[in-house]
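Which chain is which? The protein sequence lines are A and B, in order.
Just so we're aligned: 349 in our numbering is position 264 of the first sequence, and the numbers increase by one with no gaps anywhere.
Just so we're aligned: 300 in our numbering is position 215 of the second sequence, and the numbers increase by one with no gaps anywhere.
There are 2 protein chains.
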Amino acid sequence: MNKEDFFIKQFNKASKIIGDDGAVIDGFVYSNDAFFENIHFKKEWFSLKQIARKAMLVNISDAIAMNAKPKYALLTVAIPKEYSKKEIKELSLGFLEVAKEYDLEIIGGDTISNTKLDISITIISKTKKPKLRSGIKKDDYLCFTGTLGSCKKDLETLLNGGAISSSSKFIEPKLNAKFFYEVSKYINASMDISDGLFFELERMSKRSKKGFEFLYEIPKEVGCSGEEYELLFSFSPKYKEKIETIAKKYKVQLNIFAKAIDGKFKCDCKNHHFD
Amino acid sequence: MNKEDFFIKQFNKASKIIGDDGAVIDGFVYSNDAFFENIHFKKEWFSLKQIARKAMLVNISDAIAMNAKPKYALLTVAIPKEYSKKEIKELSLGFLEVAKEYDLEIIGGDTISNTKLDISITIISKTKKPKLRSGIKKDDYLCFTGTLGSCKKDLETLLNGGAISSSSKFIEPKLNAKFFYEVSKYINASMDISDGLFFELERMSKRSKKGFEFLYEIPKEVGCSGEEYELLFSFSPKYKEKIETIAKKYKVQLNIFAKAIDGKFKCDCKNHHFD
């Protein structure tokens, strides 16, 4: 067990709420994600605005994947001493832009000066029907949106000193909020793909106590690609057409790749963090 | 204006909720504070358990100062790679101990590996009658609890390589939750003293549009001492006796030090962060 999982395990005994993209309490979803320099990004790879935008979007992605609408955000932002006011303004603009796009309000947080740019965001969302990782039923189809693999490739390019397109999903995740809110009534379980499809499938397998029979082979370059922020969900085969119709409406690519069976799924990717 | 305040200012236009120890929405208070290595603490000064405890307590202090009961916490914890499992366990115990003492549940967060130990905590609290910084009325008494000044001295001792008592408030803040919940019905405005009495008075002055007539002189060693986590509040003189009775019951020292007047208060302390 890696040290992060070991740390999290210490808290599992004291709370049954831990274990999804966010914590569900009385119609609210609380999610929290860190976005730290040299852990999640290197500053040469992003503009400051792009950093702030991605930090917000990876958090909003959790809310969407649980069928919750983000309403409020709290930001911890640790800012390097040498940043100019112009740079600080650019950073704040990234947060504010995304807040506006998703109609959420930044209500507080903490700002400190630090050796590097480290961001932690808490998003407070509202939901009438939260979707969890634990809802997979036997014979459900497993499905992910979009295409997977480009983020792993783009990360490797960056690590080798190359350049990637500014429209790369690694720079800015593409979230399919409207699609998912509409489709959610047909969904049994869901989460976003932040650490890679196979990682997330192991998490869903544990929570839902199900295994997966793959309908086709998924290569490691695809299944182990992290930072994708595509949606991963399961549904009863009887809703396949309804879901496909909604996907077409929002131009969302669907990949039905497995069926839920009795059993367990184990991921054998390496941890995707580059540091 | 320092860079932290400049950053925060960018968000003030978009939200009227920013400006108190926590954000109040529909009976909930959301507060968020960072506790970063080499910014808020150096690891030679604290055990890992003490670090976790203080990170929790400084956040809970915000909730108490707003007359809110902490219910849930989300933790971002960035852990140095070299920490052993034993160390990680000790750290987690500190969080769990305080959660138990205050009857709150740690419901999620994010754990990452990092170059230093950086913690950010969001506390979700419930309140029926939140107390704000903006409530000071003319002729109110201004009061703080306990004694101020020892944290500045202890910090200086530590920075000079000396040792301080493990019962120092700098190591573990002493919160007066029960006292404040009982006294709160007589209180017009409140906050905790995290950055120093004079710093906080300037904040209250801005929010309440009041100045202060001091009843006695407060030296800079006292008024500029940060990390105290004592309570600062205002109340109508007619409740003086009632408040004193409750303070006696909980053995809380009261210091009525100023009267609210028309005007403005400006702090001239240096920023208390040591780095």
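Don't be surprised by glycine CBs; every beta carbon is placed ideally from N, CA and C.
All values derive from a computational prediction rather than experimental measurement.
Check: Given 8 Å as the limit, is there contact between the region 203-219 of chain B and the region 103-121 of chain B, that is, 3 or more CB pairs closer than that?
Finding: yes
Notebook entry, point to check: Quick one: is D188/A near chain B, going by C-beta distance under 8 Å?
Noted result: Position 103 of the first sequence, counted from the first residue, corresponds to residue 188/A. No, D188/A does not count as interfacial toward chain B.
Notebook entry, point to check: Cβ of D195/A less than 8 Å from any chain B Cβ?
Noted result: As a position in the first sequence, residue 195/A is number 110, starting the count at 1. Yes, D195/A lies at the interface with chain B (some Cβ there is under 8 Å from its Cβ).
Check: How many angstroms separate the CA atom of F229/B from the CA atom of K355/A?
Finding: Start at 1 with the first residue of the second sequence, and residue 229/B comes out as number 144. Start at 1 with the first residue of the first sequence, and residue 355/A comes out as number 270. Cα to Cα, the separation comes out at about 53 Å.
Notebook entry, point to check: With a CB to CB cut of under 6 Å and the five nearest residues on each side skipped, what residues in its chain are close to S275/B?
Noted result: The sequence position of residue 275/B within the second sequence is 190, counting from 1. If we look at S275/B and ignore the five residues flanking it on each side, its Cβ neighbours are A150, K216 and F318.
Check: Listed from N- to C-terminal order along the chain, which residues in the region 263-285 of chain B have their beta-carbon within a distance smaller than 8 Å of any beta-carbon of chain A?
Finding: none
Checklist line | Where A332/B falls: helix, strand or coil (DSSP) | finding: On the second sequence, position 247 is the one that residue 332/B refers to. DSSP places A332/B in helix when its eight states are reduced to three.
Notebook entry, point to check: What did DSSP end up calling F131/A once you bin it into helix, strand or coil?
Noted result: Mapped onto the first sequence, residue 131/A falls at position 46. In the structure shown, F131/A sits in coil (DSSP, three-state: anything other than H, G, I, E or B).
Next item on the list: Could you tell me whether the Cβ atoms of K254/A and S235/A are closer together than 8 Å?
Entry: As a first step, residue 254/A is located in the first sequence; it is residue number 169 there, counting from the start. As a first step, residue 235/A is located in the first sequence; it is residue number 150 there, counting from the start. Yes, these two residues count as a Cβ contact at 8 Å.
Margin query: Taking the beta strand (DSSP E) that E190/A belongs to, which residues open and close that run?
Written below: The sequence position of residue 190/A within the first sequence is 105, counting from 1. Run containing E190/A: E190 to N199, per the beta strand (DSSP E) assignment.
Notebook entry, point to check: What residue range is occupied by the uninterrupted alpha helix (DSSP H) comprising S269/B?
Noted result: The residue labelled residue 269/B in the question sits at position 184 within the second sequence. Boundaries cannot be given for S269/B, as no alpha helix (DSSP H) includes it and DSSP labels it neither H nor E.
Margin query: Is there a C-beta anywhere in chain B that falls below 8 Å from the one on S252/A?
Written below: Looking up residue 252/A in the first sequence gives position 167. Answer no: the Cβ-Cβ gap between S252/A and chain B never drops below 8 Å.
Next item on the list: Ignore the nearest five residues each way along the sequence and tell me which others in N97/A's own chain have a CB closer than 8 Å to its CB.
Entry: Reading the first sequence from its first residue, position 12 is the one you call residue 97/A. Answer for N97/A: I103 and G104, listed in chain order.
Margin query: Suppose the cutoff is 7 Å on Cβ atoms and the five residues either side in sequence are ignored; what does the same chain contact list for F359/A look like?
Written below: As a first step, residue 359/A must be located in the first sequence, where it is residue number 274. Below a pLDDT of 50, predicted positions are generally treated as unreliable, and F359/A, at 45, falls in that range; the measurement from the model is reported next regardless. Closer than 7 Å at the Cβ level, and outside the excluded window around F359/A, lie L240 and L244.
Next item on the list: Note down the Cα distance separating E186/B from D106/B, rounded to an integer number of angstroms.
Entry: One-based indexing of the second sequence puts residue 186/B at position 101. One-based indexing of the second sequence puts residue 106/B at position 21. Roughly 21 Å separates the two Cα atoms.
Next item on the list: With DSSP collapsed to three states, give me the class of L202/A.
Entry: Sequence index remark: in the first sequence, residue 202/A carries index 117 (1-based). Here L202/A sits in coil by DSSP.
Notebook entry, point to check: Can you give the Cα-Cα distance for T232/A and S177/B, rounded to whole angstroms?
Noted result: In the first sequence, the residue the question calls residue 232/A occupies position 147. In the second sequence, the residue the question calls residue 177/B occupies position 92. Cα-Cα distance, rounded: 38 Å.
Next item on the list: Tell me S219/B's beta-bridge partners as DSSP assigns them.
Entry: Counted from its first residue, the second sequence places residue 219/B at position 134. Paired residues: none, contrary to the question.
Checklist line | Neighbour flag for E302/A against chain B, beta carbons, 8 Å | finding: The count along the first sequence starts at 1 and reaches residue 302/A at position 217. Not one chain B Cβ lies under 8 Å of E302/A.
Check: Just curious, the beta strand (DSSP E) that E167/B is in, first and last residue?
Finding: Here residue 167/B refers to the residue found at position 82 of the second sequence. It is not in any beta strand (DSSP E) - E167/B carries neither H nor E in the DSSP assignment.
Next item on the list: Using a Cβ cut-off of 7 Å, pull out every chain B residue sitting near K143/A, in sequence order please.
Entry: For the purposes of this step, residue 143/A is taken as the residue at position 58 of the first sequence. With the sequence shown as reference, residue 143/A is identified as Val, and Lys is not the correct amino acid for it. What V143/A touches in chain B: nothing, since even the nearest Cβ is about 10 Å away.
Check: By the 10 Å Cβ neighbour count, where 16 or more other Cβ atoms means buried, how is L300/A classified, buried or exposed?
Finding: Looking up residue 300/A in the first sequence gives position 215. Under this definition L300/A is an exposed residue.
Check: What residues in its chain sit with their C-beta under 8 Å from that of T242/B, if we drop five residues either side in the sequence?
Finding: As a position in the second sequence, residue 242/B is number 157, starting the count at 1. Correct list, in chain order: A248 and I249.
Check: Going straight from the alpha carbon of S293/B to that of N273/B, what length do you get?
Finding: Here residue 293/B corresponds to residue number 208 of the second sequence, with the count starting at 1. Here residue 273/B corresponds to residue number 188 of the second sequence, with the count starting at 1. In a straight line, the C-alpha of S293/B is about 10 Å away from that of N273/B.
Item checked: Straight-line gap, Y335/A to F131/A (C-alpha atoms, nearest Å) -> Residue mapping note: residue 335/A aligns to position 250 of the first sequence, counting from 1. Residue mapping note: residue 131/A aligns to position 46 of the first sequence, counting from 1. Each residue's Cα considered, the two are about 28 Å apart.
Margin query: Looking at the secondary structure, which residues open and close the alpha helix (DSSP H) in which K88/B lies?
Written below: As a working mapping, residue 88/B is identified with position 3 in the second sequence. Element bounds for K88/B: K88 to N97.
Margin query: Considering only the alpha carbon of each residue, which of K270/B, S198/B, G220/B and R288/B lies closest to F120/A?
Written below: Reading the first sequence from its first residue, position 35 is the one you call residue 120/A. Cα-wise, what sits closest to F120/A is S198/B.
Next item on the list: Rounded to whole angstroms, what's the CA-CA distance from Q338/A to K139/B? Just pull it up for me.
Entry: The residue labelled residue 338/A in the question sits at position 253 within the first sequence. The residue labelled residue 139/B in the question sits at position 54 within the second sequence. Rounded to whole angstroms, Q338/A to K139/B spans 48 Å at the Cα level.
Next item on the list: Please confirm if F359/B has its CB atom under 8 Å from at least one CB of chain A.
Entry: As a first step, residue 359/B must be located in the second sequence, where it is residue number 274. Low local confidence applies: a pLDDT of 45 at F359/B is under 50, so the model's placement there is unreliable, with the coordinate-based value given in what follows. Cβ-Cβ to chain A under 8 Å: no for F359/B.
Next item on the list: Using a Cβ cut-off of 8 Å (strictly closer), state whether S205/A contacts chain D.
Entry: Checking the listed chains, one finds no chain D in this structure; the protein chains it contains are A and B.
Check: Around the C-beta of D225/A, are 16 or more other C-beta atoms found within 10 angstroms, so that it is buried, or is it exposed?
Finding: Within the first sequence, residue 225/A is the residue found at index 140, counting from 1. Buried, since its Cβ has 16 or more Cβ neighbours within 10 Å.
Next item on the list: My understanding is that E190/B touches S100/A, with C-beta atoms under 8 Å, so please give their C-beta distance in whole angstroms.
Entry: Taking the first residue of the second sequence as position 1, residue 190/B is located at position 105. Taking the first residue of the first sequence as position 1, residue 100/A is located at position 15. Right, the Cβ-Cβ distance comes to about 5 Å (below 8 Å), so this counts as a contact.
Item checked: Alpha-carbon spacing of I164/B relative to A163/A, whole angstroms -> Within the second sequence, the letter at position 79 stands for residue 164/B. Within the first sequence, the letter at position 78 stands for residue 163/A. Roughly 16 Å separates the two Cα atoms.
Item checked: Contacts of V162/A in chain B (Cβ-Cβ under 8 Å) -> Locating residue 162/A in the first sequence gives position 77, where the first residue counts as 1. Going along chain B in sequence order, the residues near V162/A (Cβ under 8 Å) are F92.
Notebook entry, point to check: DSSP three-state call for P106/A: helix, strand or coil?
Noted result: Start at 1 with the first residue of the first sequence, and residue 106/A comes out as number 21. Looking at the sequence itself, residue 106/A is Asp, so the reference to Pro does not match. Of the three classes helix, strand and coil, the one that applies to D106/A here is coil, per DSSP.
Next item on the list: For K156/B, name the three-state secondary structure that DSSP assigns.
Entry: For this step, residue 156/B is matched to residue 71 along the second sequence. Strand, per DSSP.
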